[in-house]
Amino acid sequence: MISETPDFLPEKADLVLAFGDRKLLEAVKPYEYLRLLYPKAQIIINSTSGEIISDKVHDNTVVVTAIELEKTTVRTVQIDIADHKESYRAGEQIAQSLDDGDLAAIILISDGGVVNGSDLIEACNRSLNRPVPVIGGLAGDGARFERTLVGANQNPDSGKVVGIGLYGADLKVGHGSMGGWDVFGPEREVTKSSYNELYQIDDRIALDLYKDYLGKYADGLPGTALLFPLSIRITPDSQPLVRTILSINEKTKSMIFAGDIPEGSRVRFMRANLDRLIEASATAAQASLQQLGKSPELALLISCVGRKLVLGQRTEEEVEVARDIFGHQPVMTGFYSYGEIAPAGPATPGELHNQTMTITILSEQ
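All letters in the sequence shown, in the order written, are residues 36 to 400 by our numbering.
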């Protein structure tokens with residue numbers, strides 16, 4: 036499925052984004068075909084948990100969006116990563132490779148299985164000479180959670196992190212991110228944790244406290260954890276982020292999350308509200324539009340597989356509300372991910388989100 040405007044010339048494409056089902060990408064190996072179509076473009080391919088094109092959500096497809104940039108240049112870098120301990124180094128290398136005086140934004144597309152997204156993004160932010168928007172997502176693998184694929188100018192493979200640098204003063208970027216989950220209960224302090232494993236909240240055993248709040252839903256863990264993520268504030272002044280629970284450990288009475296849960300951070304329990312999840316997508320779209328200050332030419336939507344599993348048959352509604360706000364002019368593309376990357380608010384660095392709709396819109400002056 037290829038998205039192009041009617042007067043588009045493939046040979047002029049500067050950047051091609053191909054989002055697809057992991058098993059289909061392995062079977063089709065689309066890079067050589069895409070290279071023939073788009074001979075001079077930087078071609079980025081990654082696996083997903085669902086593909087977004089226009090106001091539709093698809094599964095088991097490959098969605099290709101080719102982009103011609105009149106005043107903006109594109110550079111890419113690809114880093115190999117073997118396990119999550121190398122994530123910080125990968126972020127540093129990407130920032131150092133892409134940093135330049137006219138850098139306008141970085142799009143990160145990362146393996147979603149072996150990467151610590153928090154470390155990757157923190158290192159990228161810290162290694163840049165000046166703040167720029169860092170957005171993107173962690174590749175998905177449907178609801179299988181087996182392996183994910185990413186590739187720059189090659190067929191995608193596991194253990195890859197790709198950075199896309201966009202350069203030029205004429206490129207304008209707007210971004211928005213919103214979860215839409217209802218919070219309940221008091222804000223509590225993380226008193227014991229290690230990386231992404233949470234042991235104690237307010238000096239109480241984390242899993243026992245969590246089960247108390249879930250009540251009857253505790254019997255369905257870890258599956259029901261998708262309905263009850265955590266809101267986290269790393270510092271008292273930081274914007275709240277959403278963290279997905281990946282698994283629980285009954286032996287250690289701990290909970291494992293899709294992102295860091297540092298000691299001293301503040302957390303609150305959350306629960307699903309389908310209407311508010313869809314409204315959150317509209318809020319993210321409106322926030323991005325306010326920042327851009329003009330009609331966008333391209334909208335990149337990256338949402339979480341957890342939202343897709345929770346929303347079920349209503350999933351497409353969170354894409355449709357964004358289309359309603361942007362109108363029919365911009366090309367809309369994107370995917371469902373294992374983690375979303377976007378600033379949490381205006382003038383803030385990129386952050387790792389879970390269970391969040393993130394929207395980035397771009398336009399050249």
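Backbone N, C-alpha and C fix where the C-beta goes; we use that ideal spot for every residue, glycine too. Remember, it's a predicted structure, so these values are computed and weren't measured experimentally.
Endpoints, the alpha helix (DSSP H) within which residue i is located
i	result
Arg-342	340 to 346
Three-state secondary structure assigned by DSSP to residue i
i	result
Ser-212	strand
Glu-157	helix
Leu-387	strand
Leu-262	helix
Pro-378	strand
Leu-72	helix
Lys-91	strand
Lys-207	strand
Leu-60	helix
Contact under 8 Å by Cβ, residue i with residue j
i	j	result
Tyr-248	Thr-259	no
Leu-335	Thr-287	no
Leu-143	Ile-396	no
Ala-130	Leu-155	no
Asp-56	Thr-83	yes
Glu-352	Ile-296	no
Boundaries (first-last residue) of the beta strand (DSSP E) holding residue i
i	result
Asp-56	50 to 56
Glu-86	86 to 88
Glu-399	392 to 399
Gly-200	195 to 202
Gln-77	77 to 83
Leu-281	280 to 284
Neighbour flag for residue i against chain B, beta carbons, 8 Å
i	result
Leu-336	No chain B appears in this structure, which consists of one protein chain only.
Nearest-angstrom Cα separation, counted from residue j out to residue i
i	j	result
Pro-191	Asn-81	6 Å
Ile-337	Thr-393	5 Å
Ile-88	Phe-54	10 Å
Gly-250	Asp-243	11 Å
Glu-332	Leu-324	11 Å
Ile-78	Asp-90	23 Å
Gln-274	Thr-350	26 Å
Asn-231	Gly-211	25 Å
Gly-186	Pro-221	43 Å
Ala-317	Val-354	9 Å
Arg-303	Phe-292	14 Å
Ala-315	Ala-382	20 Å
Val-366	Ile-102	10 Å
Ser-228	Glu-298	6 Å
Going residue by residue through the region 290 to 371, where are the continuous alpha helix (DSSP H) segments of at least 4 residues, counting only ones entirely within it?
309 to 327, 340 to 346 and 350 to 361
Complete alpha helix (DSSP H) runs within the region 209 to 256 (minimum length 4 residues, chain order)
241 to 249
I'd like the ranges of any alpha helix (DSSP H) spanning at least 4 consecutive residues and lying wholly in the region 100 to 185.
122 to 133 and 152 to 162
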